[in-house]
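In terms of full-length UniProt numbering, the sequence shown has 48 at position 48, counting the first letter as 1, and numbering is strictly consecutive.
In this text, a Cβ means the ideal position worked out from N, Cα and C, and glycines have one as well.
What follows is one structure encoded as structure tokens, with my remarks underneath.
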Amino acid sequence: MEEDNAAHIASHGTPLCAKAWTAYVGTALLALILFGAVLPLAFKWTELAAAAVLVASALLVGYRVLAIRSYQLYYDDVGVWLYHGILPWAKGVAGVKWRDMDEATFVPSFWSWLSRSYTIRIGHRFTKDSEILLGQMANGKDAVGVLNARHQELIRANALV
């Protein structure tokens, strides 16, 4: 699955950032509850129930990890794009074209600085419905700087049509 993700981005643009380690905290807590509490309780009931809990828990935790890993922010000559999804009907790309981009920003806080996990926003000049808003992005601060610098280069070069 990760090869599909990497191949898609490599063929379409320059990768900027992905989800940070903090995005996995909720899934780790869920795994701890499912495997550390629910599974032992299911064993006290029946082995068949324990097997069902084990399979369902593994599928749920595995899906959530893969879904988090699928988020990739990248840019190309046309704009800034977010690729995500692991199931064929859920895969997709959303983005903002350079000509329609307002600015890229991140939310600074002590916790984001400490964890290096930022909330970033790539704004659309005309509508809020088309902007990209992502939480818990690793290197989000650096990605915002790269995007704003690239956007300014394009504006100065009169390359935005």
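Within the segment 28-87, the complete alpha helix (DSSP H) runs of at least 4 residues fall at 39-45, 47-69.
Nearest in C-alpha terms to Gly26, of all of Lys44, Gly13, Ala18, Arg64, is Arg64. If you draw a 10 Å sphere on the C-beta of Lys19, you find 16 or more other C-beta atoms in it, and that means buried.
Cβ atoms of Leu160 and Arg99 come within 8 Å of each other, at about 4 Å. Only buried fits Ile120, as 16 or more other CB atoms lie within 10 angstroms of its CB. Of the other Cβ atoms in all chains shown, fewer than 16 fall within 10 Å of the Cβ of Ala51; this residue is therefore exposed.
In this structure, the CA atom of Leu29 is about 30 Å from the CA atom of Ile122. Here Glu131 is near Val96, since their CB atoms are less than 8 Å apart.
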